[in-house]
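Residue numbers (this note's numbering): 84 to 349. In this text, a Cβ means the ideal position worked out from N, Cα and C, and glycines have one as well. Okay, so here's the structure we're looking at.
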Amino acid sequence: MRKGRVEGKVIVVTGAAQGIGFECARMLAEEGAEIVLSDLRAPEGQAATAQIVAAGDKATFIQADVTSESDCAHLMDETARRFGRLDGLLNNAGWYPRATLENTTTDLWEAIQQVNLRGPFYCCKYAVPHLRAAGGGSILNMGSINGLQGLPNLVAYSAAKGGLLTLTRTLAGALAPDRIRVNYLIPGWVLTEGEIALHGGNGISLEALLKAGETLALGRHQTPKDSAYASVYLLSDESPQVTGIILNVDAGGSTLPIPPSAPYVL
Ligand SMILES: NC(=O)c1ccc[n+]([C@@H]2O[C@H](COP(=O)([O-])OP(=O)(O)OC[C@H]3O[C@@H](n4cnc5c(N)ncnc54)[C@H](O)[C@@H]3O)[C@@H](O)[C@H]2O)c1
């Protein structure tokens, strides 16, 4: 039987109940890792975990709200206790409500920073001692095009994802002596459950979203699978000399001119 690309590694994925996080968890498990799926929502997270186990792969669920320091500490400590080690962390949990500068209240600003920036900080903080004990490891932060150049209606989210990019680069330098790599993945525009629900709530149909996808440079939206392939590479031993990078899985969305229809602003 073929050896998986992350065979034997123990990897935590946050926000894994659905969307990009679930597909990364599923593919990493298919490639031989022991995956700890984590999410704020326990029933959904447990159902997602059961799907992976039913496919014959190794997965466990531990509930955690990434905005809670004690939940993040428990997630990492409990993973190491159950599986004896920790090799990788995918900081995927995120939240992207639309709001312009004037529409962003203090509470909304704080809530968005907590999920998208403070959460990954806590997860890194409590994962690193275990990664160090394993002799090194890999942290992957789920970034966004908005972390480079934000959109007018994603002001707080863009600032948080920009902060996450700086956290990535800072930790890449700080943790290199421990052989812990830290990278930033940009998934492009992915029609996940979260994205479809958000636009649906604003009266934009799935059909309209798919049409907007056709205006993107390579003719379609990105998919969770597009990001999952990249997550396997960056969390595996195929990338031992890769740290502090941005990997764009966005059909050139971060570098090519935005199409006039500006679908991301929808
Ligand atoms: N969908 C896109 O187009 C897109 C583009 C760029 C970046 N991203 C990023 O990718 C990641 C996943 O996005 P998605 O579209 O799959 O999202 P989604 O909304 O479909 O799923 C997000 C998951 O995170 C969980 N979550 C939310 N808050 C949490 C918290 N406080 N603690 C723990 N779990 C929490 C949710 O329960 C959900 O299961 C996010 O970081 C997002 O910012 C998404």
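Ignore the nearest five residues each way along the sequence and tell me which others in residue i's own chain have a CB closer than 8 Å to its CB.
{"i": "L301", "result": "A334, G335"}
{"i": "V348", "result": "For V348, the predicted structure reports a pLDDT of 49, less than 50, and the residue's modelled location is therefore unreliable. The matter cannot be settled from this model."}
{"i": "E276", "result": "Q101, G102"}
{"i": "T338", "result": "N331"}
Spatial neighbours of residue i within its chain, please: CB distance less than 6 Å, with the 5 preceding and 5 following residues excluded, ordered by chain position.
{"i": "G233", "result": "S241"}
{"i": "R88", "result": "E114, V315, S319"}
{"i": "T162", "result": "V95, V119, L169"}
{"i": "Y209", "result": "C155, A156, M159"}
{"i": "Q197", "result": "T150"}
{"i": "Q117", "result": "Per the sequence shown, residue 117 should be read as Glu rather than Gln. Excluding sequence neighbours, E117 sits near V93, K141, F166."}
Helix, strand or coil for residue i? Go by DSSP, reduced to three states.
{"i": "L111", "result": "helix"}
{"i": "V348", "result": "Note on V348: pLDDT 49, under 50, position unreliable in the model; the coordinate value appears next. Helix at V348."}
{"i": "L330", "result": "strand"}
{"i": "K244", "result": "helix"}
{"i": "L184", "result": "coil"}
{"i": "L317", "result": "helix"}
{"i": "L254", "result": "helix"}
{"i": "V93", "result": "strand"}
{"i": "L290", "result": "The question names Leu, yet the displayed sequence has Glu at residue 290. Three-state result, E290: helix."}
{"i": "Y86", "result": "Reading the sequence as shown, one finds Lys at residue 86 and not Tyr. K86 falls in the coil class under three-state DSSP."}
{"i": "L281", "result": "helix"}
{"i": "E152", "result": "helix"}
{"i": "L191", "result": "helix"}
{"i": "L237", "result": "strand"}
{"i": "Q404", "result": "Look at the range of the chain in this structure, 84 to 349, and you will see that residue 404 is not part of it."}
{"i": "E127", "result": "helix"}
{"i": "S337", "result": "coil"}
{"i": "Q101", "result": "coil"}
Report, in whole angstroms, the separation of the C-beta atoms of residue i and residue j, which I expect to be a contact under 8 Å.
{"i": "I269", "j": "S227", "result": "6 Å"}
{"i": "V273", "j": "P307", "result": "6 Å"}
{"i": "F144", "j": "L173", "result": "Rounded, the Cβ-Cβ distance is 15 Å, inconsistent with contact."}
{"i": "G115", "j": "E90", "result": "3 Å"}
{"i": "F105", "j": "A99", "result": "5 Å"}
{"i": "G327", "j": "T251", "result": "7 Å"}
{"i": "A239", "j": "T187", "result": "5 Å"}
{"i": "G246", "j": "L191", "result": "Not a contact, Cβ separation roughly 16 Å."}
{"i": "V149", "j": "T97", "result": "6 Å"}
{"i": "L248", "j": "G230", "result": "5 Å"}
{"i": "G218", "j": "R262", "result": "7 Å"}
{"i": "G220", "j": "G171", "result": "6 Å"}
Starting from residue i, follow its DSSP beta bridges and name the residues at the other end.
{"i": "D122", "result": "Q146"}
{"i": "S221", "result": "G171, R264"}
{"i": "I269", "result": "N331"}
{"i": "Q305", "result": "V273"}
{"i": "K141", "result": "E117"}
In its own chain, which residues sit with a C-beta less than 7 Å from the C-beta of residue i, not counting the 5 before and 5 after it?
{"i": "V325", "result": "R264, N266, L317"}
{"i": "L184", "result": "V238"}
Can we count residue i as close to ligand 2, meaning its CB is less than 7 Å from some heavy atom?
{"i": "E90", "result": "Annotation note on ligand 2: not contained in the displayed structure, which lists ligand 1 as its ligands."}
Answer yes if the segment 302-313 comes into contact with the segment 157-171, meaning at least three C-beta pairs across the two stretches below 8 Å, and no otherwise. No, because fewer than three Cβ pairs between the segment 157-171 and the segment 302-313 fall closer than 8 Å, the two stretches do not touch.
Per the contact definition of three or more C-beta pairs closer than 8 Å, is the segment 170-190 in contact with the segment 213-227? Yes, they touch.
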